[in-house]
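Colleague: Here it is, the structure, as structure tokens.
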Amino acid sequence: MFDEPEFELSPLSQDITHHGQTVSVEIYRLEGFDEWSLEVIDVFDNSTTWGESFKTEQAALDVIKAKILTDGIDSLIGPEDGMAKVKEIRLI
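Numbered by the numbering used here, the letters in the sequence shown go through residues 249 to 340 in order.
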């Protein structure tokens with residue numbers, strides 16, 4: 249039988265509130281892998297993921313904090329009906 253891979257959730261994962269809006273920041277990696285993934289989930293269960301991985305947990309957290317300061321937290325919040333579900337961002 250095939251075992252599902254285990255995820256390691258970073259202790260840097262957290263809820264971030266900015267201007268009255270809150271998103272859940274999840275920084276995680278597959279067990280046994282070195283690089284970290286970044287996902288943001290809004291209050292409507294829409295998900296924003298990053299196409300690139302990060303060498304450190306702190307690097308992922310720094311990217312999301314910079315995005316919120318630059319583009320605003322609203323850039324990470326989808327429609328109330330949750331229909332956006334998954335949006336991917338690529339760093340250039």
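Heads up, the beta-carbon is just placed ideally off N, CA and C, and yes, glycines get one too.
Assign Leu257 to one of three DSSP states: helix, strand, or coil.
Modeller: Residue state, collapsed to three classes: strand.
Colleague: For Thr318, name the three-state secondary structure that DSSP assigns.
Modeller: Three-state result, Thr318: helix.
Colleague: By the 10 Å Cβ neighbour count, where 16 or more other Cβ atoms means buried, how is Asp282 classified, buried or exposed?
Modeller: Asp282 is exposed by the Cβ-count criterion.
Colleague: DSSP three-state label for Glu300, please.
Modeller: Glu300: coil per DSSP, three-state reduction.
Colleague: Span of the beta strand (DSSP E) holding Phe279?
Modeller: In the sequence as presented, Phe is not what sits at residue 279; that position holds Glu. Per DSSP, Glu279 belongs to no beta strand (DSSP E) and is neither H nor E.
Colleague: Any chance the segment 289-303 sits against the segment 257-265, with 3 or more Cβ pairs inside 8 Å?
Modeller: Too few Cβ pairs lie closer than 8 Å, so no.
Colleague: With Ile289 as the anchor, note down where its beta strand (DSSP E) starts and where it stops.
Modeller: That run of the beta strand (DSSP E) goes Ser285 to Ile289.
Colleague: Using a Cβ-Cβ cut-off of 6 Å (strictly less than) and excluding sequence neighbours within five positions of Gln262, which residues of its own chain qualify?
Modeller: Excluding sequence neighbours, Gln262 sits near Val273.
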